[in-house]
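Below you'll find the structure, written out as structure tokens, and then a few comments.
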Amino acid sequence: MDFVQYKCPCCGAALAFSPKTQKLSCNSCGNQYDLETMEEYEREEQPTDEQDLEWEYRKTEQGAKRTEDGSYICPSCGAKIEADENTVSTVCPYCDNVVVIQAAASGEFEPDVMIPFQVKGDEARQKMMHFCKGKRLLPKNFRDRSYLKNLRGCYVPYWLFDCKASADMSFHATRTRAWSDSDYDYVETSYYLVSRAGTMEFVHVPVDGSLEMDDNTTESIEPFDYTGLTDFQQAYLAGYETDKYDVDAKTAMGRAKQRLYNTAEQVLRGTVKGYETVTVKRRRLASKEGRVLYALLPVWLFETAYGEKKYQFAINGQTGKMVGELPVDKGAFWKYLCGFTAIGTVVCSVVGILLFGGVL
Amino acid sequence: MTGGRLFAKVGRRKSKYGDSGKGFLTGIRFLLCIAMIWIAGLAAESQNGMSEAAAAENVPGFEGWVQDGVGLLTSEEEEALEKECSRVSERYHTGVYIITTPDFGGGDIKIWQNQIFAEYGLGSKTSGGGVMLAISMAERDWGLVGFGAAQEAFTTYGRERLGEKILDDLSDGDFGDAFEKYVSIAEDYLAAAEKGKPYTEDHPYGEGWRIPMIIGVSFLLSFFVSLSVVLSWKKSMNTRVCRDGAMEYMKSGSFHLFNHSDRFLYHTVTRTKRQTETHSDSGGSSGMHSNSSGTSGKF
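Chains as they are written, first to last, in our numbering: chain A, 46 to 405; chain B, -19 to 279.
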């Protein structure tokens, strides 16, 4: 015979069915619960892992064998060009012409869609200079602008995830009420189990497919304007460096799932109103009509080294949004901190003594 | 009350007899008023006489500078205080007095101090000024009054500040310490007044900690403001951020909520005892009609 036992959500003691009230009651803390509420509570208490989302891959096979031995002949000048297996297009160091590597930009590595560059190299330089302007903590030797020589336009491989998601989440929420009598202050905290379920549709959630690119950088230059998406055409690659993906769609899906779960939680949590505290208890997300697109998106990149650290800056080649991390001159940091503190101390002391020191 | 009844009766008569009794009633009223003023005067004189008598009774004789009518001090303490009061009084030509009494008779202790001061002819022989700290055990009243020229040194601020300094000792029953502090502070006040800079709100007494405190607070304030400014500069050097969500990629209007429920589980009630407010009397200051000014309170 199977025994069913429910535990009190308040104190953890065993609950017993009361024939009088037709409810489950706790002998320890005195709370009473509807059967329906306890069944739902027990269901929500079951540990569940966040389930994977299903996507339809447009490319059924990835990572095809490289047919070349690693060297290419420039069709313009005939020079031998070194390129790694991920290179789709590059610039010939001898004649400065753009060389598109046919084998890597075709077949399973051919992007589905792309956004052509709309920001020119000069504009990108201006933006970089503007970005450095007024930065008091920038090292002096970083101001010589030599880093501007390292500007390069790149088509960065991205995976774009589309899906219709169905989210089902539950939250623990509390509401408080306070009152007083002549002797005591009272606070009553009411605990609720809040459930929300809804559907939403996501379009082109981007995850970068390049190991070389820092994820924070590629996510920071978002969003791209997808009205500018076009079918892939090799002609757009001319003049820019292009890498093919080295993070496959399956790997990138982990990051996409994380972002979708967070967004679904944010949306559903927005519908939970009238409570003082809301904490998520369980998250479930299922996707249908999931689709993955391989895209090349335009990014201007600067890379420079300061000290032992490598700094990377990026400009969205479509919208012009610039992001990056500039090095900090520690000497300047302490100089400003000590200087401001000293000046502030003198000024505040004089004012304080005049006002409160009883001198006047 | 009696007068009220009389006037009421006269009022009724007036209405009964009309205008013919008007002159007679006015005369009666005038006589009654004169009689009441005379009786009130007699009562006041009698009260003054009783107060002075009470003052004299409570202080059988005032010799020297310290009159411990309650016996709060040991003979050694009293002797030491006598010497100190005498020294300060001679140095600054201002009598410094201490008086304790079991019961000054009620009312305003400052008025009682005035009466004592006048009755025993206290004060410096040269300037006539003096300062007196009085303690009455029955009412637990203390009073500090400056007389004549001493009022310059014992300003309202000065008296209240002195009261603050000795109040804890008085409340704790450490009368010897309280009187010692009183004489010491009185000397400081007299010295400051002699230099032409008596202690006032603009020239506070015993608050030398203020300037180091102001500098310390200024340093901390400046440091934290500067740190926040420099850290905000440092933060602006890095504009890369990790995006947790994908809200901008959610199709507009695509969200449909198809299920929602809010189930009450249980509630808890906590209660905390309310703090009852305590009342404490703080000393009050007042200027008096005679050539003196004082501060008094409870201890």
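Backbone N, C-alpha and C define an ideal beta-carbon position, used for all residues, glycine too.
Our contact map puts residue i next to residue j with C-beta atoms below 8 Å; I'd like the distance itself, whole angstroms only.
i: Lys172 (chain A); j: Ile360 (chain A); result: 6 Å
i: Leu282 (chain A); j: Tyr200 (chain A); result: 6 Å
i: Leu142 (chain B); j: Val68 (chain B); result: About 14 Å separates the two Cβ atoms, so there is no contact after all.
i: Ser70 (chain A); j: Leu80 (chain A); result: In fact, because the Cβ distance is near 11 Å, the residues do not count as touching under 8 Å.
i: Gln131 (chain B); j: Ser273 (chain B); result: 5 Å
i: Arg197 (chain A); j: Glu286 (chain A); result: 6 Å
i: Lys161 (chain B); j: Val125 (chain B); result: Actually they are not in contact, since the Cβ atoms of Lys161 (chain B) and Val125 (chain B) sit about 17 Å apart, beyond 8 Å.
i: Phe206 (chain A); j: Val337 (chain A); result: 6 Å
i: Leu113 (chain B); j: Ile165 (chain B); result: Leu113 (chain B) to Ile165 (chain B), Cβ: 10 Å. No contact.
i: Lys335 (chain A); j: Leu98 (chain A); result: With the sequence shown as reference, residue 335 (chain A) is identified as Gly, and Lys is not the correct amino acid for it. Between Leu98 (chain A) and Gly335 (chain A) the Cβ distance is about 6 Å, and since that is below 8 Å, they are a contact.
Applying the criterion that 16 or more other CB atoms from any shown protein chain within 10 Å of the CB defines a buried residue, is residue i buried or exposed?
i: Pro54 (chain A); result: buried
i: Ser255 (chain A); result: buried
i: Pro82 (chain B); result: exposed
i: Val221 (chain B); result: exposed
i: Lys180 (chain A); result: buried
i: Lys110 (chain A); result: Model confidence at Lys110 (chain A) stands at a pLDDT of 36, short of 50, so the residue's coordinates are unreliable and nothing is read from them.
i: Tyr290 (chain A); result: buried
i: Lys65 (chain A); result: exposed
i: Ile388 (chain A); result: exposed
i: Glu64 (chain B); result: buried
i: Val312 (chain A); result: buried
i: Val392 (chain A); result: exposed
i: Arg304 (chain A); result: buried
i: Gly3 (chain B); result: Any reading at Gly3 (chain B) needs caution, since the residue's pLDDT is 49, under 50, leaving its predicted position unreliable; the model's value is listed next. Answer is exposed; the Cβ neighbour count stays below 16.
Determine the closest residue to residue i out of the options, with distance taken between C-alpha atoms.
i: Gly319 (chain A); options: A:Arg304, A:Glu85, A:Tyr236; result: A:Tyr236
i: Phe199 (chain B); options: A:Pro251, A:Val395, A:Ala283, A:Ala350; result: A:Val395
i: Asn195 (chain A); options: A:Leu399, A:Glu353, A:Glu370, A:Leu346; result: A:Leu346
i: Pro251 (chain A); options: A:Met174, A:Ile160, A:Tyr229; result: A:Ile160
i: Ser240 (chain A); options: A:Thr390, A:Phe358, A:Val317, A:Gly384; result: A:Val317
i: Glu370 (chain A); options: A:Val323, A:Trp379, A:Lys354; result: A:Lys354
i: Met227 (chain B); options: A:Ala387, A:Asp276, A:Cys74, A:Glu310; result: A:Glu310
i: Asp259 (chain A); options: A:Phe358, A:Ala58, A:Ile388; result: A:Phe358
i: Gly182 (chain A); options: B:Thr180, B:Met217, B:Arg251, B:Gln255; result: A small fix is needed here, since residue 182 (chain A) is Leu in this sequence, not Gly. If we check each option's Cα against that of Leu182 (chain A), B:Met217 comes out closest.
i: Val373 (chain A); options: A:Tyr351, A:Lys366, A:Lys65; result: A:Tyr351
i: Gly57 (chain A); options: B:Glu174, B:Gly188, B:Phe97, B:Leu245; result: B:Leu245
i: Phe378 (chain A); options: B:Thr106, B:Asp168, B:Ser212; result: B:Ser212
i: Gln47 (chain B); options: B:Gly188, B:Glu70, B:Thr80, B:Tyr72; result: B:Thr80
i: Asn239 (chain B); options: A:Gly315, A:Glu246, A:Ala242; result: A:Ala242
i: Glu85 (chain A); options: A:Met214, A:Glu321, A:Asp276, A:Cys383; result: A:Met214
i: Ser265 (chain A); options: B:Arg190, B:Arg120, B:Thr219, B:Gly188; result: B:Thr219
Suppose you measure from the CA of residue i to the CA of residue j; what does that come to, to the nearest Å?
i: Thr244 (chain A); j: Ser211 (chain A); result: 4 Å
i: Lys215 (chain B); j: Phe203 (chain B); result: 18 Å
i: Lys253 (chain B); j: Gly225 (chain B); result: 46 Å
i: Pro268 (chain A); j: Phe216 (chain A); result: 30 Å
i: Trp122 (chain B); j: Ser276 (chain B); result: 5 Å
i: Thr136 (chain B); j: Pro184 (chain B); result: 12 Å
i: Asp157 (chain B); j: Leu53 (chain B); result: 10 Å
i: Val249 (chain B); j: Arg220 (chain A); result: 12 Å
i: Ala301 (chain A); j: Gln278 (chain A); result: 26 Å
i: Gly75 (chain B); j: Asp154 (chain B); result: 23 Å
i: Ala223 (chain A); j: Tyr231 (chain A); result: 6 Å
i: Arg243 (chain B); j: Thr234 (chain A); result: 14 Å
i: Ala294 (chain A); j: Pro156 (chain A); result: 12 Å
i: Ser26 (chain B); j: Gly101 (chain B); result: Bear in mind that a pLDDT of 40 at Ser26 (chain B), under 50, signals an unreliable position, so the number given afterwards is only what the model happens to contain. Cα-Cα distance, rounded: 23 Å.
i: Met83 (chain A); j: Ser332 (chain A); result: 29 Å
i: Ser(-5) (chain B); j: Trp92 (chain B); result: For Ser(-5) (chain B), the predicted model reports a pLDDT of 36, less than 50, meaning its position is unreliable; a value from the coordinates is still stated below. Answer to the nearest angstrom: the Cα atoms are 51 Å apart.
i: Gln363 (chain A); j: Pro192 (chain B); result: 59 Å
i: Ala35 (chain B); j: Ile115 (chain B); result: Confidence at Ala35 (chain B) is low in this model, with a pLDDT of 49, below 50, so its placement is unreliable and the value that follows should be read with caution. When rounded, the distance between both Cα atoms is 13 Å.
i: Val344 (chain A); j: Leu400 (chain A); result: 57 Å
i: Glu89 (chain A); j: Gly75 (chain A); result: 23 Å
i: Leu201 (chain B); j: Leu330 (chain A); result: 49 Å
i: Val163 (chain B); j: Lys175 (chain B); result: 18 Å
i: Val209 (chain B); j: Leu342 (chain A); result: 37 Å
i: Gly166 (chain A); j: Met174 (chain A); result: 12 Å
i: Val111 (chain B); j: Ser206 (chain B); result: 52 Å
i: Val248 (chain A); j: Thr308 (chain A); result: 13 Å
i: Leu237 (chain B); j: Ser73 (chain A); result: 38 Å
i: Lys52 (chain A); j: Gly196 (chain B); result: 57 Å
i: Arg328 (chain A); j: Arg314 (chain A); result: 11 Å
i: Pro138 (chain A); j: Glu348 (chain A); result: 19 Å
**Entirely enclosed alpha helix (DSSP H) segments - the segment 177 to 236 of chain A, minimum 4 residues** = none
**Request:** Please go through the segment 77 to 143 of chain B and give each complete beta strand (DSSP E) segment of 3 or more residues, from N-terminal end onward.
**Result:** 110 to 116, 121 to 127
**Request:** Jot down the residue ranges of each uninterrupted alpha helix (DSSP H) in the segment 180 to 254 of chain B, minimum 4 residues, whole runs only, in chain order.
**Result:** 190 to 216
**Item:** beta strand (DSSP E) runs wholly inside the segment 264 to 319 of chain A, at least 3 long, in chain order
**Value:** 286 to 288, all fully within the segment 264 to 319 of chain A.
**Message:** Runs of 4 residues minimum, wholly inside the segment 349 to 403 of chain A: which ones carry the alpha helix (DSSP H) assignment?
**Reply:** 375 to 401
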